[in-house]
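To start, the structure itself, in structure tokens.
Okay, here's the thing in structure tokens:
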């Protein structure tokens with residue numbers, strides 16, 4: 458079990474774990490999850506980390522077929538600027554490897570922003586903390602566990 462799944466069990470949060478055979482050659486971990494699990498990409502969310510001008514790390518959770526709008530994230534976080542975090546820094550802060558970073562049970566409690574598109578679904582899928590492993594849960598439960606907030610942070614991929 459991963460720390461994310463252990464947290465869900467400990468908190469008695471309704472969830473379902475879904476696994477698939479991860480292909481290391483897949484160009485997009487999130488889109489691979491959607492495809493292999495037969496899900497709409499709108500319901501599968503990726504977890505990205507951004508770094509502010511002060512060095513604060515922020516967690517952004519958004520649909521796998523969208524790109525993070527860094528300006529929108531910065532505005533929601535009340536900071537001047539945000540850029541993608543260094544992958545090594547993201548791994549150290551979360552305790553997860555890139556491609557398997559979960560928004561749940563990270564090593565450090567980081568401010569978390571969930572794209573508001575999640576509210577249109579009864580459940581969403583996020584990484585369960587390992588490549589090839591997703592967990593399905595209610596967006597409200599995700600927000601509660603991460604002390605996160607909904608925000609319009611996703612942009613259409615160009």
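Numbering (our numbering), first residue to last: 458 to 615. Quick reminder that beta carbons are idealized off the backbone N, C-alpha and C, glycines included.
Asked: Beta strand (DSSP E) runs contained entirely in the segment 539–590, provided each spans 3 or more residues; Found: 539–541, 568–572, 581–587
Asked: Cα-Cα separation, residue 550 to residue 604; Found: 17 Å
Asked: Boundaries (first-last residue) of the beta strand (DSSP E) holding residue 612; Found: 611–613
Asked: Sequence-distant residues of its chain with Cβ nearer than 7 Å to residue 487 (five each side left out); Found: 501, 503, 521
Asked: Neighbourhood of residue 539 by C-beta distance below 6 Å, restricted to the same chain and skipping five residues each side; Found: 507, 509, 527, 530, 531
Asked: Extent of the continuous beta strand (DSSP E) to which residue 528 belongs; Found: Counting along the chain, residue 528 falls outside any beta strand (DSSP E), though it belongs to the alpha helix (DSSP H) covering 527–534.
Asked: Identity of the residues DSSP links to residue 524 by a beta bridge; Found: 612
Asked: Per DSSP, cross-strand counterpart(s) of residue 475; Found: 591
Asked: Unbroken alpha helix (DSSP H) run spanning residue 600, endpoints; Found: 596–603
Asked: Beta-carbon proximity list for residue 559, same chain, < 8 Å, skipping 5 on both sides; Found: 459, 460, 461, 504, 551, 553, 583, 584, 585, 586, 592
Asked: Cut-off 8 Å between Cβ atoms - residues of its own chain near residue 476, not counting five sequence neighbours on either side; Found: 589, 590, 591
Asked: Same chain, Cβ closer than 8 Å to residue 578, neighbours up to 5 away in sequence not counted; Found: 499, 500, 596
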